[in-house]
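Novice: One structure, as structure tokens, below. Some questions next.
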Amino acid sequence: MVEYKVPIAPGMVVLDALHYVQAHDAADLAVRWNCKAGKCGSCSAEVNGRPRLTCKTRMDALPLDEPITVQPMKSFPVIRDLVTDVSWNYKVNRKIPPFTPRPNVKWKMDQRDVDRVQEFRKCIECFLCQNVCHVLRDHDKQEQFGGPRFFVRIAGLEMHPLDSLNRTELLKDELGIGLCNITKCCTEVCPEDIHITDNAIIPLKERVVDDFYDPVRWFLRKLRGRERAK
Amino acid sequence: MKVRYYIDPTTELPHIYKHEVDESEVEDVLSKPGEDRPGREGSRIAIGQNRIWALLALSSKD
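Chains as they are written, first to last, in this note's numbering: chain P, 104 to 333; chain W, 24 to 85.
Below is the structure:
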């Protein structure tokens, strides 16, 4: 732990303080950032133990009578200083079949359907939800679990009215949605206020249960064979 | 702007240091004072907010 004294200016955010440290005390301090406007999702870190975007965390909202701690995201390997290797997320992302419209689809949608998936498209991929998820953070289940970010992406695809695929088998087997015990930590830290648990994970869990554990559907599947990409 | 600091004879450092104020903060206030009025013998009395400092503790892992 290295301590730096930083002058506070009105409107200052934690990322400004890190830039001050780079400019005055530690020119080689590694910090990943890009937009400084809460839109690129690059500057994620743990400020006073809480996962946050440093560009959206105001210094005047933090207690200044004790040191403000800034640490890299715990769930990912550190490359250097505050920069972590988040490439595992991109590997998970590649497992998800992209939007696949039905053949000869008419490109017309109800506004309610548009609004429903629009929430999921707000994600800026800051990976704070992945960082805070107990399944990844405390139990290191990266091999069996996709994480909230990718449940949000799949929710956006599965709830898209013009998409033709069914991704419940992927959710159940490869992305381990059953491991999520809906503690809502991901929702709490989302800087875009996406209702990850309520609007993405729980509806997807319900779809998995319907597809794989509903006895009537189970019986019909036995009769007709496994329904895959509808 | 020329600024002259009272040098503390015991420490031989500007007296402002005893109040945890540094030269750049003095210059900030003198350049943008909240209140500015003439003092004795041609001096200025400038009143303003000095900087608030935070201690940032950075670590790479627990």
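In this text, a Cβ means the ideal position worked out from N, Cα and C, and glycines have one as well.
Suppose contacts are defined by Cβ-Cβ distances below 8 Å. Is Ile171 (chain P) in contact with Asn151 (chain P) by that definition?
Specialist: Yes, the pair counts as a contact, with Cβ atoms nearer than the cut-off.
Novice: Cβ of Cys50 (chain P) within 8 Å of Cβ of Ile257 (chain P)?
Specialist: Residue coverage of chain P in this structure runs from 104 to 333, which leaves residue 50 (chain P) outside it and unanswerable.
Novice: For Met104 (chain P), would you say it is in contact with chain W, using Cβ-to-Cβ distances shorter than 8 Å as the test?
Specialist: At least one chain W Cβ lies under 8 Å of Met104 (chain P).
Novice: From the DSSP output, which residues share a beta bridge with Trp321 (chain P)?
Specialist: Note: Trp321 (chain P) sits in no beta bridge, so no partner.
Novice: In this structure, what does DSSP give as the bridge partners for Glu58 (chain W)?
Specialist: In the DSSP output, where bridge partners are listed per residue, Glu58 (chain W) has W:Ile70.
Novice: Which residue marks the beginning of the beta strand (DSSP E) containing Lys108 (chain P), and which one marks its end?
Specialist: Counting along the chain, the beta strand (DSSP E) containing Lys108 (chain P) begins and ends at Val105 to Ile111.
Novice: Who pairs with Pro154 (chain P) in a beta bridge, going by DSSP?
Specialist: DSSP lists P:Glu149 as partners of Pro154 (chain P).
Novice: Would Gln221 (chain P) be called buried (16 or more neighbouring beta carbons within 10 Å of its own) or exposed?
Specialist: Burial call: exposed.
Novice: Among the residues of its own chain, which have a CB less than 8 Å from the CB of Arg153 (chain P), if the five just before and after it don't count?
Specialist: Correct list, in chain order: Val292.
Novice: Along the chain, where does the beta strand (DSSP E) containing Ile182 (chain P) start, and where does it finish?
Specialist: Unbroken beta strand (DSSP E) run through Ile182 (chain P): Val181 to Arg183.
Novice: Assuming Val52 (chain W) and Ala69 (chain W) form a contact by the criterion Cβ under 8 Å, report the distance between their Cβ atoms to the nearest whole angstrom.
Specialist: Between Ala69 (chain W) and Val52 (chain W) the Cβ distance is about 5 Å, and since that is below 8 Å, they are a contact.
Novice: Please name the residue in P:Arg161, P:Gly250, P:Arg270 and P:Leu273 whose C-alpha comes closest to that of Ile299 (chain P).
Specialist: For the residues P:Arg161, P:Gly250, P:Arg270 and P:Leu273, the minimum Cα distance to Ile299 (chain P) belongs to P:Gly250.
Novice: Kindly indicate the opening and closing residues of the beta strand (DSSP E) around Trp76 (chain W).
Specialist: From DSSP, the beta strand (DSSP E) with Trp76 (chain W) extends over Ile75 to Leu81.
Novice: Gln214 (chain P): buried (16+ other C-beta within 10 angstroms of its C-beta) or exposed?
Specialist: Answer is exposed; the Cβ neighbour count stays below 16.
Novice: Who are the Cβ neighbours of Ser66 (chain W) in its own chain at under 7 Å, not counting the five residues just before and after it?
Specialist: Around Ser66 (chain W): no qualifying Cβ.
Novice: Please report whether the beta-carbon of Asp184 (chain P) lies at a distance below 8 Å from any beta-carbon of chain W.
Specialist: Judged by the 8 Å Cβ criterion, Asp184 (chain P) is in contact with chain W.
Novice: Using a C-beta to C-beta distance shorter than 7 Å, which residues of chain W count as neighbours of Ala120 (chain P)?
Specialist: Result: Ala77 and Leu79.
Novice: By how many angstroms is the C-alpha of Thr290 (chain P) removed from the C-alpha of Phe179 (chain P)?
Specialist: Taking the straight line joining both Cα atoms gives about 19 Å.
Novice: Does Ser54 (chain W) have its Cβ less than 8 Å from a Cβ in chain P?
Specialist: Not one chain P Cβ lies under 8 Å of Ser54 (chain W).
Novice: Counting contacts by CB-CB distance shorter than 8 Å, is Leu156 (chain P) in contact with chain W?
Specialist: So, not an interface residue.
Novice: Check whether chain W comes within 8 Å of Val189 (chain P), counting only Cβ atoms and requiring the distance to be less than that.
Specialist: Cβ-Cβ to chain W under 8 Å: no for Val189 (chain P).
Novice: Can you look up Leu36 (chain W) in the DSSP assignment and give me helix, strand or coil?
Specialist: In this structure, Leu36 (chain W) counts as strand in the three-state DSSP scheme.
Novice: If contacts are defined as beta-carbon pairs under 8 Å, then Met262 (chain P) and Arg219 (chain P) qualify, I think. What distance do you get, rounded to the angstrom?
Specialist: With a Cβ gap of about 6 Å, Met262 (chain P) and Arg219 (chain P) count as contacting.
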